[in-house]
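These notes are about the structure you will find just below.
In this note's numbering, the protein residues as written are 445 to 733.
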């Protein structure tokens, strides 16, 4: 009788532990942590739902911060999961199919959020109909089981006469570099934080972050005599792998952020100094506010 009582007690404790573990991995779907985000895309697989969000509701050429929410077969949000992704562009080049990826980060849990994961993708070209399109594959593991979803995503170009937040350049060293403007997203008169992602094309269809370079900046206002503004600090690499500095704007309007890319020994690999005879660098971003 005493053995039976202990056995029942053990079973109850075990069941309680298992129940707690499951409840720690999921959370009821009555919590809303995407109130300031817009839905980009929904994937489904084996009863799981994978939702992608960002602040604009669009994916664009350049840097895209993306948030992911998982829903399990019971309709509960998943708190603990391992995720990775692979963006891939398919191009039909006169009947020849070519595929390439783009720079992207790992996916990690969003700080101070229970139901969100996040990462970034820097798309290097826009979608263009059925012949040139982006696929996004996402693998996720929940409770030891791995699932995969794949679908097309639409990537738009936002380049215009007064806006450019992504540029690709061939350096003097023969390396193809990609620069993506991350901040400022809401520029203001005065000194602004500027953040840029710097990547290069690798040998195996990868796009690693470029380390230990410097990005010199010189903002100019082409429509106002090409004058500059004070408060600029050249960009250097931060702990997050991105490049951080300061950029000054003395008035609202159209600005061109001219840049010179220097390698880890201080040699310029692309970009030119602004002079009266040379009003812009071949490496630049454009914005208007």
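Heads up, the beta-carbon is just placed ideally off N, CA and C, and yes, glycines get one too. Keep in mind the model is a prediction, meaning the values are calculated, not measured.
CB-CB length for residue i against residue j, believed under 8 Å
| i | j | result |
| --- | --- | --- |
| residue 600 | residue 570 | 6 Å |
| residue 530 | residue 608 | Incorrect: roughly 27 Å between the Cβ atoms, too far for contact. |
| residue 689 | residue 679 | 4 Å |
| residue 716 | residue 707 | Residue 716 to residue 707, Cβ: 16 Å. No contact. |
| residue 733 | residue 696 | 6 Å |
| residue 663 | residue 701 | 5 Å |
| residue 586 | residue 525 | 5 Å |
Residue i vs residue j beta-carbon contact at 8 Å
| i | j | result |
| --- | --- | --- |
| residue 713 | residue 617 | yes |
| residue 621 | residue 642 | yes |
| residue 503 | residue 584 | no |
| residue 630 | residue 638 | no |
| residue 704 | residue 687 | no |
| residue 427 | residue 552 | There is no way to answer for residue 427, as the model of the chain reaches only from 445 to 733. |
| residue 661 | residue 676 | yes |
| residue 521 | residue 596 | no |
| residue 487 | residue 494 | yes |
| residue 545 | residue 532 | yes |
| residue 559 | residue 475 | yes |
| residue 681 | residue 649 | no |
| residue 485 | residue 606 | no |
Neighbourhood of residue i by C-beta distance below 8 Å, restricted to the same chain and skipping five residues each side
| i | result |
| --- | --- |
| residue 481 | 497, 498, 499, 511 |
| residue 473 | 515, 519, 520, 521 |
| residue 508 | 498, 564, 565, 566, 567 |
| residue 517 | 490, 491, 492 |
| residue 557 | 477 |
| residue 668 | 695, 697 |
| residue 646 | 652 |
| residue 483 | 495, 496, 497, 501 |
| residue 633 | 693, 694, 695, 696 |
| residue 550 | 528, 563 |
| residue 541 | 534, 535 |
| residue 615 | 621, 705, 713, 714 |
| residue 710 | 658 |
| residue 590 | 583, 584 |
| residue 588 | none |
CB contact check: residue i to chain D, cutoff 8 Å
| i | result |
| --- | --- |
| residue 565 | Absent from the structure: chain D. Only one protein chain is present. |
Contact set for residue i: own chain, Cβ-Cβ below 6 Å, skip 5 residues either direction
| i | result |
| --- | --- |
| residue 613 | 621, 714, 727 |
| residue 624 | 506, 507, 566, 610, 641 |
| residue 602 | 504 |
| residue 671 | 665 |
| residue 644 | 619, 621, 654 |
Beta-carbon contacts of residue i that lie in its chain and below 7 Å, excluding the five residues immediately before and after
| i | result |
| --- | --- |
| residue 448 | Because the pLDDT at residue 448 is just 42, under 50, the model does not fix this residue reliably, and the point stays unresolved. |
| residue 685 | 653 |
| residue 673 | 663, 692, 693, 694 |
| residue 635 | 675, 690, 692 |
| residue 604 | none |
| residue 598 | 503, 571 |
Check: residue i C-beta below 7 Å from any heavy atom of the ligand ADP
| i | result |
| --- | --- |
| residue 554 | Absence of the ligand ADP is noted for the structure shown, with no ligands found whatsoever. |
Length-filtered (3 minimum) beta strand (DSSP E) runs lying within the region 638-716 = 658-664, 677-681, 687-693, 698-706, 712-714
Unbroken stretches of the beta strand (DSSP E), 3 residues or longer, contained in the region 571-617 = 576-586, 589-597, 610-614
If you scan the region 500-529 from start to end, which runs of the beta strand (DSSP E) of 3 or more residues do you find wholly inside it?
-> 506-515
Within the region 469-501, note down every full beta strand (DSSP E) run reaching 3 residues or more, in order along the chain.
-> 482-489, 492-498
Entirely within the region 546-575 and at least 4 residues each: give me those alpha helix (DSSP H) ranges in chain order.
-> none
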